[in-house]
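Down below is the structure, laid out as structure tokens.
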Amino acid sequence: MDPRIEIRQGDITHMQVDVIVNAANHTLLGGGGVDGAIHRAAGPRLLASCATLGGCATGEAKITDGYRLPARYVIHTVGPVWHGGRQREDEHLAACYRHSLALAAHHTLTSIAFPAISTGVYRFPLEGATRIALRETNAFLATDSSLQQVIFVCFDARTFEVYRRVAASFSEQLP
Ligand code: AR6
Numbered sequence: 348m349d350p351r352i353e354i355r356q357g358d359i360t361h362m363q364v365d366v367i368v369n370a371a372n373h374t375l376l377g378g379g380g381v382d383g384a385i386h387r388a389a390g391p392r393l394l395a396s397c398a399t400l401g402g403c404a405t406g407e408a409k410i411t412d413g414y415r416l417p418a419r420y421v422i423h424t425v426g427p428v429w430h431g432g433r434q435r436e437d438e439h440l441a442a443c444y445r446h447s448l449a450l451a452a453h454h455t456l457t458s459i460a461f462p463a464i465s466t467g468v469y470r471f472p473l474e475g476a477t478r479i480a481l482r483e484t485n486a487f488l489a490t491d492s493s494l495q496q497v498i499f500v501c502f503d504a505r506t507f508e509v510y511r512r513v514a515a516s517f518s519e520q521l522p
């Protein structure tokens, strides 16, 4: 694992980083889960800003200010809804991580925090989603020197445990 990657348990809305990532939906107009928590913490100007973006396709990412959040910016990405794995869900989830990281690097941001995209309401199996998140982030960091810190923020104990286990298995695979 790249040493710039950290796994923590907590609430992403409290993270003091340059940018936090939101697991949004196509409308970008808010919802439940982490999306609802981010909008509540950022305040109404976030919704007004999102309303100007024209929505977002699955696997894509768009950036706004963070308003009342400790984070300066929010990257909104739309994960795939799990339909059993035959609708390119893996590919779409990988694209969420790649596009979010690329957008952060493009804006010369140095620290970013991710939630476990698609693993809540969108029902993507947690273990597979975790492997994709860590694989894509490791691969991206191998080509990028602007990002200094990538934090995976696990809201619940089960997610935290799975992230730690998958990260440990990645590290064992290294030469
Ligand atoms: N900080 C960190 N992680 C959180 C927080 C938080 N404050 N709150 C929840 N999580 P979900 P999805 C975790 O359902 O599956 C929304 O309605 C949660 O425990 O938020 O991508 C959107 O508008 C889980 O581990 O996102 C979309 O319609 C993870 O965040 C839809 O849900 C993702 O769960 C997106 O579904």
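Each residue of the sequence shown is one higher than the one before, counting from 348 in the working numbering. Backbone N, C-alpha and C define an ideal beta-carbon position, used for all residues, glycine too. Treat the numbers as computed from the prediction; the structure is a model and nothing was measured.
(message) Is C501 close to ligand 3? I mean its beta-carbon at under 8 Å from any heavy atom of the ligand.
(response) No copy of ligand 3 appears in this structure; the ligands present are ligand 1.
(message) Let me check understanding here. Comparing Cα to Cα, which of G475, K409, S396, R512 lies closest to H446?
(response) K409
(request) Using the DSSP secondary-structure output, state which residues sit across from A408 in a beta bridge. (result) T424
(message) For S458, tell me which candidate among A442, D437, H439, T484 has the shortest Cα-Cα distance.
(response) T484
(request) Just mark S465 as buried or exposed, buried being the case when its beta carbon has 16 or more other beta carbons within 10 Å. (result) buried
(request) State the CB to CB distance for the pair V500 and I359, rounded to an integer number of angstroms; the pair is presumed to be in contact (CB under 8 Å). (result) 4 Å
(request) Take T405 and list the residues in its own chain whose beta-carbon comes closer than 6 Å to its own, dropping the five residues that flank it on each side. (result) V425, P427, H439
(message) Would you say the beta carbon of N485 is closer than 8 Å to some non-hydrogen atom of ligand 1?
(response) no
(message) Check for me: the beta strand (DSSP E) holding Q434 runs from which residue to which?
(response) No beta strand (DSSP E) holds Q434; DSSP gives it neither H nor E.
(request) Give a single yes or no on whether T466 has its beta carbon closer than 8 Å to a heavy atom of ligand 1. (result) yes
(request) Report the option in H373, G380, Y469 whose CA atom is closest to the CA atom of G401. (result) H373
(message) Considering Cα atoms alone, identify which of G413, G431, G379 is closest to A395.
(response) G413
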